[in-house]
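Peer 1: There's a structure below that I have some questions on.
In the numbering used here, the protein residues as written are 8 to 172.
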């Protein structure tokens, strides 16, 4: 297995990780860097919309992307406890960013939809985030961006739970 890393001068360094110890060291780097990434994401989310925690922003983005969904769908997709989702959705409702509508096929089911204010807040935040990514990744080649995107997709899909039945 090849590990591509960058030294402090941002020069590409290739190391063959072919021992269990090398593999463990690579996993330690991944864990440390994902933790740093999560911290930056939370910090950025707080700066972009102080009243909207990262989890709430993520749920709002999912609701918008799906053109509406149930709270139970959010819990299943993000592997969150239903009570956590309930609190986050309540925050989104209180902020006027999400509203509930009965499901047209089953009036007992409530479907969450972004309000106009929710769509506007999401668009504003997404524009700011996209600008931050452009700045941070501006020197990357299109091939590096594509490879990074594919690795993230692969990583995130590896831990997905099967869809609810």
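Virtual Cβ for every residue (Gly too), placed ideally from N, Cα, C. A quick note: this is a predicted structure, and the numbers were derived from the prediction, not measured.
#1: Taking all protein chains shown into account, do 16 or more other C-beta atoms lie within 10 angstroms of the C-beta of residue 64, making it buried, or fewer, making it exposed?
#2: Near residue 29, which residues of its chain fall below 6 Å by C-beta distance, leaving aside the five closest residues on each side in sequence?
#3: Distance check for residue 116 and residue 52, CA to CA, integer angstroms please.
#4: Could you have a look at residue 115 and say whether DSSP puts it in helix, strand or coil?
#5: Using the three-state DSSP reduction, which class does residue 57 fall into: helix, strand or coil?
#6: Could you check if residue 78 is buried or exposed, using at least 16 other CB atoms within 10 Å of its CB as the buried criterion?
#7: When burial is assigned at 16 or more other CB atoms within 10 Å of the CB, is residue 36 buried or exposed?
#8: Is residue 30 helix, strand or coil by DSSP?
#9: Nearest CA to the CA of residue 44: which residue from 32, 61, 126, 72?
#10: Looking at the strands, I want to know which residues DSSP matches up with residue 196.
Peer 2: With the structure as the only source:
#1: Buried is the call here.
#2: Apart from sequence neighbours up to five positions away, no residue of its chain approaches residue 29 with a beta-carbon distance below 6 Å.
#3: Each residue's alpha carbon lies about 31 Å from the other.
#4: DSSP places residue 115 in strand when its eight states are reduced to three.
#5: In the structure shown, residue 57 sits in coil (DSSP, three-state: anything other than H, G, I, E or B).
#6: The residue is buried, with at least 16 neighbouring Cβ atoms inside 10 Å.
#7: With fewer than 16 Cβ atoms within 10 Å of its Cβ, residue 36 is classed as exposed.
#8: DSSP places residue 30 within a helical segment (H, G or I) once states are collapsed to three.
#9: Closest by alpha carbon: 61.
#10: In the structure as shown, the chain starts at 8 and stops at 172, and residue 196 therefore has no counterpart that could be examined.
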